[in-house]
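Peer 1: Supplied in structure tokens, the structure appears directly below.
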């Protein structure tokens, strides 16, 4: 038997891919190695949304080159979004000739056969499908969490935001059949899962390629009816497709958590149009108001990009004012990173790096102040927390998430892992809460 070690970069969709990779390999007779240095096969499942993610992969490949010089039989595989880009496989062969296997996003299910080919022929193999195929059901997986599970409901994206590489590397939008999704979630609940995260590049457009009457709200109602399931989350939502009808549906479903991740990206209508986002600042603000009116206590988080080509100081001020007006619970903030093959990469008026850095700093300063104030308002409250296990940063304590997706750190026995507990919030920080179990 041979040991495998997987490093996943990027989003929850890639995390789900990582669980499938582990399932495929274990079904093929491999076992999980305790560390990269002890593995016979190392797999890097990559992201390419930003240049920084690609740089991390090449940094790791440099480390693996040194490991392979000591272990010549080590097999190194690289796949996912980064290798799906046109010309990426050739570039990787040139920069990292020690890589044995390159695969893409569309042929993940072929991984065991491709590894076998590498082992038998002892030569590098690169197989990257140019176009997506039909959805492959029934793939095995090894879950990361005991009580939480990631469930993909759709693949690909049809939006073509001008800065985004995802439609080019994940393909066109394809919805899974609802009966397959429901069957999977029922099996997860029978295995002890209390919370599912429904995944799609744009969950709000689920069902558009299926027969009439099936949409994301329809699916949520059916998932909400599954006995034994306690929590439903979903990611990611596109403001353009988040209808007021969907808000009303979510507001009456008791298992759907009071958290909406709603990427706005910019507060300037001019920049939003350049980004091809398909909505205005005014529409976004109206949607936020509707969400807060129908879902009391809802937590709203977002994604924000600074330094998009042509962004002026006035445009940036529009983003700052939107952040102040909405009062997001948290925001993931990024400098614009040009991605080869996207429209934005070739737009004129690219913003200098120093300006992007300075704007990012100012934006983070505003949002961190808001996040801290939001958290401080929760001190003294009792909140339901699903316990993930020992905290990664403070293993003496446990960590978990509230329904509003707040991270909570608190003392308690490890036996609480996978359980729902009441925690009284005693202290607030910018990115987390601290508390104590009350029941």
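Numbering (my numbering), first residue to last: 1 to 439.
Built from N, CA and C at the ideal position, the CB exists for glycine as well.
Should the segment 119 to 132 be called in touch with the segment 163 to 178, which here means at least 3 C-beta pairs below 8 Å?
Peer 2: The segment 119 to 132, when compared against the segment 163 to 178, does touch it at the 8 Å Cβ threshold.
Peer 1: Indicate whether residue 206 and residue 251 have their beta-carbon atoms separated by less than 7 Å.
Peer 2: In the chain shown, counting from the first residue as 1, residue 206 sits at position 206. In the chain shown, counting from the first residue as 1, residue 251 sits at position 251. Their beta carbons are not under 7 Å apart, which means residue 206 does not touch residue 251 by this criterion.
Peer 1: Identify which residue in 31, 273, 385, 55 has its Cα closest to the Cα of residue 159.
Peer 2: Numbered from 1 along the chain shown, position 159 holds the residue referred to as residue 159. Closest option to residue 159, Cα to Cα, is 273.
Peer 1: I'd like the list of long-range same chain contacts for residue 16, defined as Cβ closer than 7 Å, with 5 residues on each side in sequence excluded.
Peer 2: Within the chain shown, residue 16 is the residue found at index 16, counting from 1. So the qualifying residues of the chain are 150, 152, 199.
Peer 1: Report back the beta-carbon spacing between residue 271 and residue 242 to the nearest angstrom; my notes put them in contact at under 8 Å.
Peer 2: Taking the first residue of the chain shown as 1, we reach residue 271 at position 271. Taking the first residue of the chain shown as 1, we reach residue 242 at position 242. That belief does not hold up - the Cβ atoms of residue 271 and residue 242 are roughly 20 Å apart, past 8 Å.
Peer 1: According to DSSP, is residue 261 part of a helix, a strand, or is it coil?
Peer 2: The residue you call residue 261 lines up with position 261 of the chain shown. Correct three-state label for residue 261: strand.
Peer 1: Measuring CB to CB, does residue 316 end up less than 7 Å from residue 281?
Peer 2: Indexing the chain shown from 1 puts residue 316 at position 316. Indexing the chain shown from 1 puts residue 281 at position 281. Taking 7 Å as the Cβ cut-off, residue 316 and residue 281 do not qualify as a contacting pair.
Peer 1: Where do the N-terminal and C-terminal ends of the beta strand (DSSP E) with residue 279 fall, by residue?
Peer 2: In the chain shown, residue 279 corresponds to position 279, counting from 1. Element bounds for residue 279: n/a, residue is neither H nor E.
Peer 1: Extract the residue ranges of the alpha helix (DSSP H) inside the segment 327 to 393, only unbroken runs of 4 or more that lie entirely within it.
Peer 2: Those alpha helix (DSSP H) runs which fall completely within the segment 327 to 393 and span 4+ residues are 353 to 376.
Peer 1: Using the Cα positions of residue 350 and residue 306, report the straight-line distance between them to the nearest angstrom.
Peer 2: Counting from 1 along the chain shown, the entry for residue 350 is found at position 350. Counting from 1 along the chain shown, the entry for residue 306 is found at position 306. Cα to Cα, the separation comes out at about 12 Å.
Peer 1: Who are residue 103's beta bridge partners in DSSP?
Peer 2: In the chain shown, counting from the first residue as 1, residue 103 sits at position 103. Looking at the DSSP assignment, residue 103 forms a beta bridge with 127.
Peer 1: Keeping to the same chain, check which residues put their C-beta closer than 8 Å to that of residue 182; ignore five residues upstream and five downstream.
Peer 2: Mapped onto the chain shown, residue 182 falls at position 182. Only 222, 223, 226 meet the Cβ criterion.
Peer 1: In chain order, what residues of the same chain lie with their CB nearer than 6 Å to the CB of residue 411, ignoring the 5 residues before and after it?
Peer 2: For this step, residue 411 is matched to residue 411 along the chain shown. If we look at residue 411 and ignore the five residues flanking it on each side, its Cβ neighbours are 397.
Peer 1: If you count every other CB in all the chains shown that lies within 10 Å of the CB of residue 449, and 16 or more means buried, which is it?
Peer 2: Absent from the structure is residue 449, since the part of the chain shown begins at 1 and ends at 439.
Peer 1: Please state whether the Cβ-Cβ distance between residue 161 and residue 269 is less than 7 Å.
Peer 2: Counting from 1 along the chain shown, the entry for residue 161 is found at position 161. Counting from 1 along the chain shown, the entry for residue 269 is found at position 269. No.
Peer 1: Could you check if residue 105 is buried or exposed, using at least 16 other CB atoms within 10 Å of its CB as the buried criterion?
Peer 2: Counting from one through the chain shown, the residue named residue 105 turns up at place 105. The residue is buried, with at least 16 neighbouring Cβ atoms inside 10 Å.
Peer 1: Straight-line CA distance for residue 68 to residue 265?
Peer 2: Position 68 of the chain shown holds residue 68. Position 265 of the chain shown holds residue 265. Computed Cα separation, rounded: 41 Å.
Peer 1: So, with DSSP's three-state summary, where would you put residue 436?
Peer 2: As a working note, residue 436 is residue 436 in the chain shown. DSSP places residue 436 in strand when its eight states are reduced to three.
Peer 1: Taking the alpha helix (DSSP H) that residue 210 falls in, what are its first and last residues?
Peer 2: The residue labelled residue 210 in the question sits at position 210 within the chain shown. Where residue 210 is concerned, there is no enclosing alpha helix (DSSP H), given that its DSSP letter is neither H nor E.
Peer 1: Relative to the C-alpha of residue 211, which residue among 232, 434, 178 is closest?
Peer 2: Your numbering for residue 211 matches position 211 in the chain shown. Of the candidates 232, 434, 178, the one whose C-alpha sits nearest the C-alpha of residue 211 is 178.
Peer 1: Beta-carbon separation of residue 258 and residue 404 under 7 Å?
Peer 2: Position 258 of the chain shown, counted from the first residue, corresponds to residue 258. Position 404 of the chain shown, counted from the first residue, corresponds to residue 404. A contact, by the Cβ cut-off of 7 Å.
Peer 1: Between which residues of its own chain and residue 78 is the CB-CB distance below 6 Å, once the five residues before and five after are set aside?
Peer 2: Mapped onto the chain shown, residue 78 falls at position 78. Cβ neighbours of residue 78 beyond the five flanking positions: 44, 99, 102.
Peer 1: Taking its Cβ as the centre, do 16 or more other Cβ atoms sit within 10 Å of residue 136, making it buried, or is it exposed?
Peer 2: One-based indexing of the chain shown puts residue 136 at position 136. With fewer than 16 Cβ atoms within 10 Å of its Cβ, residue 136 is classed as exposed.
Peer 1: Do the CB positions of residue 295 and residue 139 come within less than 7 Å of each other?
Peer 2: The sequence position of residue 295 within the chain shown is 295, counting from 1. The sequence position of residue 139 within the chain shown is 139, counting from 1. In this structure, residue 139 does not lie closer than 7 Å to residue 295 by Cβ.
Peer 1: What whole-angstrom Cβ distance do residue 302 and residue 262 have, given they're in contact under 8 Å?
Peer 2: Start at 1 with the first residue of the chain shown, and residue 302 comes out as number 302. Start at 1 with the first residue of the chain shown, and residue 262 comes out as number 262. Contact flag correct, Cβ pair sits at about 6 Å.
Peer 1: Using the C-alpha atoms, what's the distance from residue 73 back to residue 121?
Peer 2: Numbered from its first residue, the chain shown carries residue 121 at position 121. Numbered from its first residue, the chain shown carries residue 73 at position 73. Roughly 13 Å between the two C-alpha positions.
Peer 1: What distance in whole Å lies between the Cβ atoms of residue 340 and residue 382, which are believed to be in contact at a cut-off of 8 Å?
Peer 2: Here residue 382 is taken as the residue at index 382 of the chain shown, counted from 1. Here residue 340 is taken as the residue at index 340 of the chain shown, counted from 1. About 50 Å separates the two Cβ atoms, so there is no contact after all.
Peer 1: Alpha carbon to alpha carbon, how far is residue 366 from residue 323?
Peer 2: Against the chain shown, residue 366 aligns to sequence position 366. Against the chain shown, residue 323 aligns to sequence position 323. Taking the straight line from one Cα to the other gives about 8 Å.
Peer 1: Can you look up residue 446 in the DSSP assignment and give me helix, strand or coil?
Peer 2: Given that the chain is displayed from residue 1 to residue 439, the structure contains no residue 446 and the question cannot be resolved.
Peer 1: Express the C-alpha separation of residue 141 and residue 232 in angstroms, rounding to a whole number.
Peer 2: Residue mapping note: residue 232 aligns to position 232 of the chain shown, counting from 1. Residue mapping note: residue 141 aligns to position 141 of the chain shown, counting from 1. Each residue's alpha carbon lies about 20 Å from the other.
Peer 1: Just to confirm, is the Cβ distance from residue 166 to residue 201 under 7 Å?
Peer 2: Start at 1 with the first residue of the chain shown, and residue 166 comes out as number 166. Start at 1 with the first residue of the chain shown, and residue 201 comes out as number 201. It is a contact, given that the beta carbons lie within the stated cut-off.
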